[in-house]
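Peer 1: The listed protein sequences correspond, in order, to chains A, W, X and P.
Residue numbering for the first sequence is 711 to 998, as defined by my numbering.
Residue numbering for the second sequence is 711 to 998, as defined by my numbering.
Residue numbering for the third sequence is 711 to 998, as defined by my numbering.
Residue numbering for the fourth sequence is 711 to 998, as defined by my numbering.
C-beta: ideal position from N, C-alpha, C; glycine also.
No experiment lies behind these values; they were computed from the predicted model shown.
Number of protein chains: 4
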Amino acid sequence: MKIGFIGLGIMGSRMAENLQKGGYQLKVYNRTKSKADRLLENGATWAGSPFEAGKNVDVLFTMLENPGAVEELACGPKGFLNAMNENSLWIDSSTVNPSFSERMASIAKENNIRFMDAPVSGSKQPAAEAELLFLVGGEKKDLDSVRSLFDKMGKDAVHMGAAGKGSAMKIMINQLLGQSILAFSESVNLGMAMGLDKKTCMDVLLKTPVTAPIINIYRSRIDNNDYEPNFPLKHLQKDLHLFTETGYELGIPTPLTSAAKEVYGLAKHKNMADLDFTAVFKFLNDKN
Amino acid sequence: MKIGFIGLGIMGSRMAENLQKGGYQLKVYNRTKSKADRLLENGATWAGSPFEAGKNVDVLFTMLENPGAVEELACGPKGFLNAMNENSLWIDSSTVNPSFSERMASIAKENNIRFMDAPVSGSKQPAAEAELLFLVGGEKKDLDSVRSLFDKMGKDAVHMGAAGKGSAMKIMINQLLGQSILAFSESVNLGMAMGLDKKTCMDVLLKTPVTAPIINIYRSRIDNNDYEPNFPLKHLQKDLHLFTETGYELGIPTPLTSAAKEVYGLAKHKNMADLDFTAVFKFLNDKN
Amino acid sequence: MKIGFIGLGIMGSRMAENLQKGGYQLKVYNRTKSKADRLLENGATWAGSPFEAGKNVDVLFTMLENPGAVEELACGPKGFLNAMNENSLWIDSSTVNPSFSERMASIAKENNIRFMDAPVSGSKQPAAEAELLFLVGGEKKDLDSVRSLFDKMGKDAVHMGAAGKGSAMKIMINQLLGQSILAFSESVNLGMAMGLDKKTCMDVLLKTPVTAPIINIYRSRIDNNDYEPNFPLKHLQKDLHLFTETGYELGIPTPLTSAAKEVYGLAKHKNMADLDFTAVFKFLNDKN
Amino acid sequence: MKIGFIGLGIMGSRMAENLQKGGYQLKVYNRTKSKADRLLENGATWAGSPFEAGKNVDVLFTMLENPGAVEELACGPKGFLNAMNENSLWIDSSTVNPSFSERMASIAKENNIRFMDAPVSGSKQPAAEAELLFLVGGEKKDLDSVRSLFDKMGKDAVHMGAAGKGSAMKIMINQLLGQSILAFSESVNLGMAMGLDKKTCMDVLLKTPVTAPIINIYRSRIDNNDYEPNFPLKHLQKDLHLFTETGYELGIPTPLTSAAKEVYGLAKHKNMADLDFTAVFKFLNDKN
């Protein structure tokens with residue numbers, strides 16, 4: 711199976727590496743070529759353009775920053791959709807809004823290309839350790855045909871329904887992630903102001919069932935004021951934006967998520983865009 | 711040990727009953743006397759007034775609806791603080807704001823009465839099954855002197871610090887509770903609009919670590935549209951109000967909690983005050 | 711000058727009629743043909759499609775519901791951009807986001823068609839009475855070439871800058887409109903709960919300089935519980951959405967506008983989409 | 711008529727001076743004595759304590775920072791309510807919540823003292839120029855008995871109803887003030903990001919009826935980045951807090967006001983508490 715891979719950021723580079731380790735031959739593309747160095751040293755081929763990356767592959771993965779980036783590389787005269795073989799499969803693992811996935815599915819179909827949205831649950835470390843969970847929208851039989859690939863990169867790939875349904879579930883999960891950390895941050899921040907110490911606040915809250923378990927992983931960030939990016943704040947804010955945008959499209963109110971999106975947006979505006987998203991604690995806590 | 715107990719609502723009645731089952735003799739008071747019937751049949755004494763309930767007891771528990779109710783029964787010429795013996799102990803298990811607990815501690819002290827704030831984590835069922843967690847503010851030695859009482863009503867009593875610190879931790883927990891359900895509700899509600907079915911949404915979200923485990927208990931509410939009150943929505947909204955009010959007092963921003971408080975407030979205004987707090991899902995979902 | 715006009719809703723029908731009264735010959739198109747009846751009786755020509763409406767006209771106006779509707783009728787193989795003559799002028803008076811106007815300007819340019827965004831300030835009555843204010847983005851000389859047309863429909867056409875700048879100013883104005891009514895509604899609603907009567911609340915507030923003068927026009931809505939649509943709530947909510955979306959695109963926080971958007975969104979979800987936008991008062995006030 | 715005056719901040723000092731200019735003899739008190747210097751030089755008497763200020767006066771004015779400050783100086787064994795003569799009149803011009811005014815009215819009554827809440831609309835300059843508008847709650851005949859005093863300090867004193875109704879109207883006005891500036895700031899801030907210049911944004915918005923006229927006074931703040939306090943941001947945030955707190959007390963949703971309160975709260979937390987409240991523009995605009 712010939713595989714193309716576009717997008718070698720924090721997530722994509724690790725996913726591609728696991729495919730490579732699993733024995734697959736990759737043709738890779740990334741805006742900044744240097745991020746492909748390690749993959750190339752280990753035998754991957756460099757595709758000089760998105761178009762080239764999509765040419766003569768059986769499966770093309772994309773792992774890009776936002777819907778705009780996906781559309782730019784996919785569509786248009788030099789887009790990879792014009793390069794891909796009939797009946798080949800495009801798997802988009804970027805986090806996008808479901809209506810965007812549906813639109814891509816439909817454009818792919820016009821080009822006789824199969825499409826799956828397969829965003830992931832899990833960030834840097836699960837990506838490195840092949841522990842990702844893939845949330846898949848598209849044809850069940852298409853998913854079954856590439857399970858061996860998902861097995862190299864993750865622990866499971868769950869079929870959520872038709873095209874767009876993987877993206878749907880993904881933005882639901884990231885909405886909860888964003889809310890969890892922010893609600894926890896407000897709680898700890900007020901706790902400290904009420905005279906409790908930071909450690910006690912976190913210890914007690916993490917023992918109660920009202921706190922999302924994932925915070926066990928992130929608490930060290932807050933403990934140590936360490937906001938080196940694992941999952942950049944601007945990306946989490948983008949996901950909250952996709953959630954509220956989808957709410958608007960479908961006429962569904964999302965008052966809490968909009969509020970959360972704006973708090974992350976303020977933090978982003980105050981120079982925290984490229985810190986880890988857990989820096990929202992720092993935003994609330996800092997006096998300047 | 712002679713024990714007074716004021717406030718026999720959903721929580722207080724069950725707590726008092728567990729003390730009674732544990733062999734303690736109680737003198738009880740409640741605004742609506744009928745709620746004391748079972749306790750009286752099983753041997754409790756009726757105190758005709760809060761003043762009477764506080765008279766000649768070693769320990770007085772209060773489990774009331776809000777700070778206003780506590781202040782009304784405690785202070786003033788006919789309040790129980792004027793009735794209690796020197797050096798006796800008042801334990802307030804109501805959910806109140808920390809500065810209120812501190813003020814009550816100080817008024818109690820002027821009357822030579824010891825004070826502890828000991829709000830609980832857990833609602834109707836844990837109260838019935840003596841599985842509550844007490845979050846205690848006050849003197850450690852005072853807590854140690856009544857551990858046997860807490861043991862009858864709960865699984866643990868944790869010393870959080872000086873007076874007010876129990877209340878501090880309590881409003882932190884309930885803030886997370888309120889946010890968790892609301893964020894989950896927004897997620898499931900949008901998921902359904904995106905074409906996923908309700909059960910799938912909840913199944914998948916509850917398997918991921920971004921969802922607070924307590925939602926496993928509450929999901930049946932949403933599954934079954936069953937909002938018979940266990941923890942009334944108006945009480946949860948009150949707790950969010952106490953959290954934001956404390957934020958204001960201490961100059962700490964609480965943007966997400968204020969947003970959540972207002973969503974519950976809208977639900978309360980639309981005739982849902984006395985439904986279970988999980989009815990916030992219904993509020994978001996209903997078209998009228 | 712031959713003029714095409716697409717979009718004959720509350721606003722468009724009145725604008726077109728004023729052009730007609732001013733002596734211009736129109737070719738008109740609307741999804742629902744019956745809305746064109748009066749214009750046709752008075753001499754307008756029916757264009758069977760958007761394509762037809764754009765053919766052989768010097769100027770084409772569009773007044774549509776949202777960016778999606780504009781894009782659908784403009785672009786694509788059967789879109790009016792494929793029908794319009796070289797160097798003819800497309801004037802989009804729809805309320806859209808500035809980046810959308812910029813994109814349309816650029817697509818028009820590729821087709822050698824001139825473009826102006828010229829959204830209006832003013833609703834039903836000013837449209838009928840030719841009292842609209844046009845906020846224009848595009849080439850100054852293009853604006854000057856069609857001032858006679860704007861004069862028939864409005865009191866002024868102000869050049870705001872390059873393409874997109876008219877749309878920019880428009881969403882700023884409608885954001886303030888939406889906020890003004892909502893803030894005023896919250897104030898009056900609380901005033902009534904505090905024991906003041908509705909009329910006193912409105913009389914006093916309207917005498918103070920903190921209240922936007924436009925509310926003098928809308929207060930009768932609230933006085934009389936009359937929410938027959940003049941400017942439908944769903945359209946105002948769309949404009950707030952365009953504002954927050956543009957904020958997201960440009961990295962600018964819009965916390966208050968997001969909150970307002972969600973309140974209107976809740977009202978929309980509760981069956982008020984097609985009422986006048988001032989029904990947000992009713993949403994806050996109703997108990998069910 | 712003997713007059714006491716407590717509270718000589720930005721507002722109180724100017725109001726007292728106008729009474730003095732009008733020929734009234736004042737007994738004054740302020741926490742920081744130096745602020746009374748000018749009044750004392752011009753003939754006022756220094757009252758060493760709030761108690762002293764209330765003794766043997768016919769009318770006592772208070773103009774204090776918040777309800778807590780009023781309660782502290784009024785009630786308690788050394789409070790001025792214990793010093794005031796029977797049937798004398800206490801006029802509280804502080805901005806407080808209506809339920810607080812009602813409570814003060816009732817405590818005053820127990821002491822056989824008449825009470826009026828008479829907060830003002832207008833800030834520093836109108837205070838200096840005797841152009842304030844008094845919003846009065848209490849007995850109409852009490853208001854009529856002191857119209858000559860209000861005439862020295864303001865342009866009008868309007869009877870709003872029973873005790874508390876002046877405070878009710880006041881928080882409604884300040885809620886609109888806070889929202890107006892914040893909504894305007896979001897608009898101008900986004901306008902600049904969309905490529906319009908600051909001056910154009912403000913010029914155009916101020917010409918439209920969606921903008922509150924009071925912004926004409928404040929725009930120079932934003933033009934000149936001049937946030938020297940006229941009406942400190944922390945005081946405006948307090949007023950929004952009083953508004954939302956009253957909403958909570960009465961079961962009225964205030965979603966937009968809560969959002970506004972939190973934005974000002976974030977600005978307050980970021981070292982802007984003592985700047986003018988118009989600095990909320992700076993908060994939104996600054997990148998750090």
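Quick check: Thr967 of chain A and Thr956 of chain A, are their CB atoms within less than 8 Å of each other?
Peer 2: no
Peer 1: So that I know if they touch, is there some Cβ in chain A lying closer than 8 Å to that of Gly874 of chain X?
Peer 2: Under the 8 Å criterion on CB atoms, Gly874 of chain X is classed as non-interfacial with respect to chain A.
Peer 1: Excluding the five sequence neighbours on either side, which residues of its own chain have a C-beta within less than 8 Å of the C-beta of Asn884 of chain A, listed in chain order?
Peer 2: Thr805, Leu946, Asp949, Leu950, Phe953
Peer 1: Suppose the cutoff is 8 Å on Cβ atoms and the five residues either side in sequence are ignored; what does the same chain contact list for Glu841 of chain X look like?
Peer 2: Result list for Glu841 of chain X: Gly832, Gln835, Gly864, Lys865, in chain order.
Peer 1: Need the endpoints of the alpha helix (DSSP H) that Thr956 of chain W sits in, please.
Peer 2: 943-960
Peer 1: Along the chain, where does the beta strand (DSSP E) containing Arg824 of chain W start, and where does it finish?
Peer 2: 824-827
Peer 1: Can you tell me which residues form a DSSP beta bridge with Tyr739 of chain P?
Peer 2: P:Ile716
Peer 1: Below 8 Å on C-beta distance, what does Asn981 of chain P contact in chain A?
Peer 2: Lys997, Asn998
Peer 1: With a cut-off of 8 Å on the beta carbons, I'd call Pro829 of chain P and Gly888 of chain P a contact; round off their distance for me.
Peer 2: 15 Å between Cβ atoms; not a contact.
Peer 1: Using 8 Å as the limit for Cβ to Cβ distance, is Ala969 of chain X near chain A?
Peer 2: yes
Peer 1: Can you find at least 3 beta carbon pairs, one from the region 906-925 of chain A and one from the region 716-734 of chain W, that sit closer than 8 Å?
Peer 2: No contact exists between the region 906-925 of chain A and the region 716-734 of chain W.
Peer 1: Kindly provide the ranges of any alpha helix (DSSP H) runs that are 4 or more residues long and lie completely inside the region 813-872 of chain P, ordered along the chain.
Peer 2: 834-838, 850-855, 857-863
Peer 1: Select from A:Ile932, A:Lys862, A:Phe941, A:Lys850 the residue whose C-alpha is nearest the C-alpha of Asn728 of chain A.
Peer 2: The shortest Cα separation from Asn728 of chain A among A:Ile932, A:Lys862, A:Phe941, A:Lys850 belongs to A:Lys862.
Peer 1: With a 10 Å radius around its C-beta and 16 neighbouring C-beta atoms as the bar for buried, classify Leu976 of chain P as buried or exposed.
Peer 2: buried
Peer 1: Lys978 of chain A touches chain X at which residues, Cβ-Cβ below 7 Å?
Peer 2: Gly961
Peer 1: Cα separation between Val990 of chain A and Asn981 of chain A?
Peer 2: 11 Å
Peer 1: Is DSSP giving Thr772 of chain P helix, strand or coil here?
Peer 2: Strand.
Peer 1: Leaving out five residues before and five after Ala838 of chain X in sequence, what residues of the same chain have Cβ atoms less than 7 Å from its Cβ?
Peer 2: Arg724
Peer 1: Does Phe953 of chain P come within less than 8 Å of chain X when only Cβ atoms are used?
Peer 2: yes
Peer 1: Spell out the partners DSSP gives Ile801 of chain P in its beta bridges.
Peer 2: P:Phe771, P:Met826
Peer 1: In terms of DSSP beta bridges, what is Thr755 of chain P paired with?
Peer 2: Residue pairing by DSSP puts Thr755 of chain P in a beta bridge opposite P:Lys737.
Peer 1: Under a three-way DSSP split, which group does Asp986 of chain X fall into?
Peer 2: Strand.
Peer 1: Check Lys880 of chain A in the structure and name its three-state DSSP category.
Peer 2: In this structure, Lys880 of chain A counts as helix in the three-state DSSP scheme.
Peer 1: How close, in whole Å, do the beta carbons of Arg931 of chain P and Asp984 of chain P come, if the pair is a contact with beta carbons under 8 Å?
Peer 2: Not really, about 15 Å apart at Cβ, beyond 8 Å.
Peer 1: Comparing C-alpha positions only, which one of P:Gly847, P:Asn776, P:Ala878, P:Asn935 sits nearest to Ser895 of chain P?
Peer 2: P:Asn935
Peer 1: Which residues mark the beginning and the end of the alpha helix (DSSP H) in which Gln912 of chain W is found?
Peer 2: For the record, residue 912 of chain W in the displayed sequence is Met; it is not Gln. Here the alpha helix (DSSP H) through Met912 of chain W covers 908-917.
Peer 1: Any beta carbon from chain W within less than 8 Å of Phe894 of chain A's own beta carbon?
Peer 2: yes
Peer 1: For the alpha helix (DSSP H) containing Val920 of chain W, list its first residue and its last residue.
Peer 2: No alpha helix (DSSP H) contains Val920 of chain W, which DSSP labels as neither H nor E.
Peer 1: So, under 8 Å CB-CB, Met870 of chain W and Met882 of chain W are touching, yes? Tell me the CB distance rounded to an integer number of Å.
Peer 2: Not really, about 10 Å apart at Cβ, beyond 8 Å.
Peer 1: Could you check whether Ser811 of chain P and Val767 of chain P sit closer than 8 Å to each other, using their CB atoms as the reference points?
Peer 2: no
Peer 1: Three-state secondary structure (DSSP) at Tyr974 of chain P?
Peer 2: helix
Peer 1: Tell me the rounded alpha-carbon separation between Leu892 of chain X and Tyr974 of chain W.
Peer 2: 19 Å
Peer 1: Does Pro760 of chain P pass the burial test, meaning 16 or more other C-beta atoms within 10 Å, or should it be called exposed?
Peer 2: buried
Peer 1: What does Leu994 of chain X touch in chain P if you count any residue whose Cβ is under 7 Å from its own?
Peer 2: From the beta-carbon of Leu994 of chain X, the residues of chain P found nearer than 7 Å are Pro963.
Peer 1: At 7 Å on the CB atoms, spell out the chain W contacts of Val920 of chain A, in chain order.
Peer 2: Ile883, Leu886, Leu887, Ser890, Ala922, Ile924
Peer 1: So, helix, strand or coil for Lys731 of chain X, using DSSP?
Peer 2: helix
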